[in-house]
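Engineer:
There are 2 protein chains.
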Amino acid sequence: MTKARVTVIDIAKAAGVSKSTVSLVLQGSSLVNEGTRSKVNAVMRDLGYVYNRGAANLRQAGAKSRIVGVVVNDLTNSFFAELAVGVDMVVQSAGFVQFLSNTGESIDRQREVVASMREHGISGLIVSPARATDAADFKPLVAAGIPVVVVVRNLPGAKVSSIVSDNQAGMMSAVQHLAGLGHKRIAFLGGFPDTAVFDDRLAGYRSGVEAAGLDYHEELVIASAPSRAGGVEATGKAIALGHRPTAAVCFNDAVAFGVCDGLRARRLEPGSDFAVVGFDDVIEAQAAVPALTTVSVDPQGIGRRGAQMLLKQINAGKAEAETVTTAVRLVVRESCGASMSIKIKQDSA
Amino acid sequence: MTKARVTVIDIAKAAGVSKSTVSLVLQGSSLVNEGTRSKVNAVMRDLGYVYNRGAANLRQAGAKSRIVGVVVNDLTNSFFAELAVGVDMVVQSAGFVQFLSNTGESIDRQREVVASMREHGISGLIVSPARATDAADFKPLVAAGIPVVVVVRNLPGAKVSSIVSDNQAGMMSAVQHLAGLGHKRIAFLGGFPDTAVFDDRLAGYRSGVEAAGLDYHEELVIASAPSRAGGVEATGKAIALGHRPTAAVCFNDAVAFGVCDGLRARRLEPGSDFAVVGFDDVIEAQAAVPALTTVSVDPQGIGRRGAQMLLKQINAGKAEAETVTTAVRLVVRESCGASMSIKIKQDSA
DNA sequence: TGACATGATTGGAACGTTCCAAATATTGAA
DNA sequence: TTCAATATTTGGAACGTTCCAATCATGTCA
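Dropping the structure here:
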């Protein structure tokens, strides 16, 4: 219908003021008279004016586009979906809008979407990098003064802010919990050994083992893909061991689920015959049977926190790399065997 | 460092051509000589030029921003996360980028994010509307020539394209499957009665009941919140009925999981003592115990399809409302009791 | 050789906003 | 009434791109 979009000049004409004045009320300047302000606002409503952020952004010399980019490595994983929701929350209420892209662990896709986002003039970026991302990949961004916050997986060597969960402490407490239940041979199952997260969690495992006064045995750490399938695979190897473990801490919840599957396939019941604990506390963890004992990392909280950090840097105009590790806590459910007796009691009550 | 961003003029100067020529190579025009093209490209690489889509978009009169907006009502639900991934896939490979926002069923948030997206000049919108969204809410968008595709929940009365799954056929086949297993009293559990989706699924239930030669009993349809909690609530009411049902089709998978919980709380085992089938086939469905028999709707496929439809309309420049319903299929797992014998056989093999 | 088509290139003039410096209106005090 | 101070308003000139019409080389044909 009305082919031409209505512009600030149309408003000015209709309200009998100059475009500069209209611009002023747009930015909520205190310079404009209350009367004119309301008149202009009324006219804007009447004509159905929509602000053209692109044009504004052009003049404001690449400063404030009010767009943040978010790129995650696997959105189908509810962990990252939650993370995105957390980011969206704070970003939205700060009047920003988010570009969200999924890389599916593809480093090429990641490069593409980051480039695309940059062309669109994002004022900041939150990224959970795909595996094997080069720390230098974000160099151009920060050189251009665009703050970057890396979450979940850290990028050693990159001069950017990051938020990771306390992988070490989390794994340590998991091991100590199992040791407290009387387990002497506790395996570490799953995960790719070439990642920083793996190293951290393994280190935590080792500290836990030592803190519990047990010996660290190399054969008890069995790597695999960090997926359900990887979990069952690792289980097979663990069970085949001469001196079998009686419990396992897993690289993440997906692996833990796989371990449960693998156990059942061998007529072992997770929780009673073999204790398993996961890491992440994904949504499915508490609904599973048996409910998964796991280390809760609150991805939504990480998302919120990351967004806050990013917004702070955007507003400050200066991005000095800051790195925080967020606390985690062990949530004890059924798969570790700890609450068996309690649960039975509750049921019969 | 280099404070000023490098522009097309800088490139022109450095390459010894005019800005118009640079612009031409930017758009891959066939008008420019092969020699100049490669020289210009080289210079762009050297100076680290980044295209300013905002500026381009400004000149191109609101035409092609290469941004599509995606708003979903609940991103924490993996159904919608999958949907978003589907959209992202096709949108990304078409060289677009997506604004993704989560409304969490808040109609105010929805209004805000849509307005914000509009200010940013999206060239199209895919939306799974929050509950109680007014069909007129998207009127201004389509009036401005911005194509809108509604997915999952349709918006009767709105003149926009939509993609919904075949709720009726899906529910009907679920009921017929249960009837085929010998069930005579089949309940319909969960969901809010004031939604279009509920109506469709209920209609499918009714057709299924009648097609199986059973009677339709009003007391067997029990509404509730479409959530896990709603499921247990509905289960309570169903069990309390004078003449108990022996099976239930549920509004969605969340309700179905709740029904399983409710059953167990009453010492009934889902699958053997009472058959339950869900709707959606969320990721957790196959991992659950018992694995959930459910109607699979392939959210990622809906996302891809919706994105394709939207892109088509964007490219056509003309948005004529088109509505497609996607096929669904019943996937039989354990919770309906059908595969019990088979499963046992497999295990002992 | 001139006329003409074709191939490459190029200066402005937009696009819709914000910013600056300057102009104008209003007010209070002398 | 006049002046200065303050409160409001206002024309350009940007911002980085694309588009249009126009220019400038070439090569071709009669």
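Sequence order for the protein chains is H and R. Just so we're aligned: the first sequence equals residues 2 to 350 in the working numbering. Just so we're aligned: the second sequence equals residues 2 to 350 in the working numbering. C-beta atoms are modelled at their ideal positions from N, C-alpha and C, and glycine is treated no differently.
Is the beta carbon of F193 (chain H) less than 8 Å from the beta carbon of G232 (chain H)?
Structural biologist: no
Engineer: Tell me whether the region 172–183 of chain H and the region 237–253 of chain H touch, counting them as touching only if at least three CB pairs, one residue from each stretch, are closer than 8 Å.
Structural biologist: yes
Engineer: Does DSSP put T295 (chain H) in a helix, in a strand, or in coil?
Structural biologist: strand
Engineer: Looking at the strands, I want to know which residues DSSP matches up with F189 (chain R).
Structural biologist: Note: F189 (chain R) sits in a beta bridge opposite R:V222 and R:V250.
Engineer: Mind checking if V91 (chain H) is an interface residue toward chain R, Cβ cutoff 8 Å exclusive?
Structural biologist: no
Engineer: Taking DSSP's pairing of strands, which residues face A197 (chain H) in a bridge?
Structural biologist: Paired residues: none, contrary to the question.
Engineer: If we count Cβ pairs, one from each stretch, closer than 8 Å, do we get three or more for the region 290–305 of chain R versus the region 292–307 of chain H?
Structural biologist: The region 290–305 of chain R vs the region 292–307 of chain H: no contact.
Engineer: Is N316 (chain H) helix, strand or coil by DSSP?
Structural biologist: helix
Engineer: Going along the chain, which unbroken runs of the beta strand (DSSP E) with 3 or more residues stay wholly within the region 117–184 of chain R?
Structural biologist: 125–128, 149–152 and 162–166
Engineer: Can you tell me whether E35 (chain H) is helix, strand or coil according to DSSP?
Structural biologist: Helix.
Engineer: So G49 (chain R) contacts chain H; which residues on that side make the cut at Cβ distance below 8 Å?
Structural biologist: For G49 (chain R), the C-beta contacts it makes with chain H under 8 Å involve P141, in order along the chain.
Engineer: Kindly indicate the opening and closing residues of the beta strand (DSSP E) around Q99 (chain H).
Structural biologist: V98 to N103
Engineer: Can you tell me the Cα-Cα spacing of L142 (chain H) and V51 (chain R), whole angstroms?
Structural biologist: Approximately 11 Å between the Cα atoms of the pair.
Engineer: Under the three-state reduction of DSSP, which class applies to G232 (chain H): helix, strand or coil?
Structural biologist: helix
Engineer: Decide yes or no for the touch test of the region 130–145 of chain H against the region 72–92 of chain R: beta carbon pairs closer than 8 Å, at least 3 of them.
Structural biologist: Note that the region 130–145 of chain H does not touch the region 72–92 of chain R; fewer than 3 beta-carbon pairs, one per stretch, sit closer than 8 Å.
Engineer: Quick test of the definition: if touching needs 3 or more C-beta pairs under 8 Å, does the region 60–74 of chain R touch the region 84–98 of chain R?
Structural biologist: yes
Engineer: Can you confirm whether L190 (chain H), when its beta carbon is compared against all beta carbons of chain R, has any partner nearer than 8 Å?
Structural biologist: no
Engineer: Taking the straight line between their C-alpha atoms, what separation do you get for S24 (chain R) and A137 (chain H)?
Structural biologist: Looking at the two C-alpha atoms, the distance is approximately 30 Å.
Engineer: Which runs of the beta strand (DSSP E), 3 residues or longer, sit entirely within the region 40–74 of chain R?
Structural biologist: 68–73
Engineer: Give the DSSP-derived three-state secondary structure of G29 (chain H) in the structure shown.
Structural biologist: In the structure shown, G29 (chain H) sits in coil (DSSP, three-state: anything other than H, G, I, E or B).
Engineer: Taking the straight line between their C-alpha atoms, what separation do you get for S102 (chain R) and D201 (chain H)?
Structural biologist: 33 Å
Engineer: Quick test of the definition: if touching needs 3 or more C-beta pairs under 8 Å, does the region 27–44 of chain R touch the region 89–98 of chain R?
Structural biologist: No: fewer than three Cβ pairs fall under 8 Å.
Engineer: Can a CB atom of chain H be found closer than 8 Å to the CB of A80 (chain R)?
Structural biologist: Note that residue 80 (chain R) is Phe in the sequence shown, not Ala. Not an interface residue.
Engineer: Compute the beta-carbon to beta-carbon distance between L48 (chain R) and V7 (chain R), rounded to the nearest angstrom, for a pair I have assumed lies under 8 Å.
Structural biologist: A Cβ-Cβ distance of about 5 Å is found for the pair L48 (chain R) and V7 (chain R), placing them in contact under the 8 Å criterion.
Engineer: Is it buried or exposed for G29 (chain H), if we count other Cβ within 10 angstroms and need 16 for buried?
Structural biologist: exposed
Engineer: How far does the beta strand (DSSP E) with D281 (chain R) in it reach, from first residue to last?
Structural biologist: A276 to D281
Engineer: Taking only the alpha-carbon atoms, compute the straight-line gap between S174 (chain R) and G209 (chain R) and give it to the nearest angstrom.
Structural biologist: 7 Å
Engineer: Here's a check: name, in chain order, each residue in its chain whose Cβ is nearer than 6 Å to the Cβ of A255 (chain H), leaving out the five neighbours to either side.
Structural biologist: S228 and R229
Engineer: Taking C-beta pairs closer than 7 Å, name the residues in chain H that G231 (chain R) reaches, listed in chain order.
Structural biologist: What G231 (chain R) touches in chain H: nothing, since even the nearest Cβ is about 15 Å away.
Engineer: Give a yes or no on whether the C-beta atoms belonging to T324 (chain R) and S162 (chain R) are separated by under 8 Å.
Structural biologist: yes
Engineer: List the endpoints of the continuous beta strand (DSSP E) containing V7 (chain R).
Structural biologist: First-last for V7 (chain R): undefined, no H or E at that position.
Engineer: May I ask you to verify whether the region 114–128 of chain R touches the region 145–159 of chain R, counting CB pairs closer than 8 Å and requiring at least 3?
Structural biologist: yes
Engineer: Short of 6 Å in beta carbon distance, which residues of its chain neighbour Y217 (chain H), apart from the five on each side in sequence? Order them along the chain.
Structural biologist: If the five residues before and after Y217 (chain H) are omitted, its C-beta is found closer than 6 Å to the C-beta atoms of R207 and V210, all from its own chain and listed in chain order.
Engineer: What residues in the region 180–213 of chain R bring their beta carbon closer than 8 Å to a beta carbon of chain H?
Structural biologist: none
Engineer: Per DSSP, what kind of secondary structure is L76 (chain H) in: helix, strand or coil?
Structural biologist: coil
Engineer: Would you kindly work out how many angstroms separate the C-alpha atoms of A95 (chain R) and Q99 (chain H), rounded to a whole number?
Structural biologist: 19 Å
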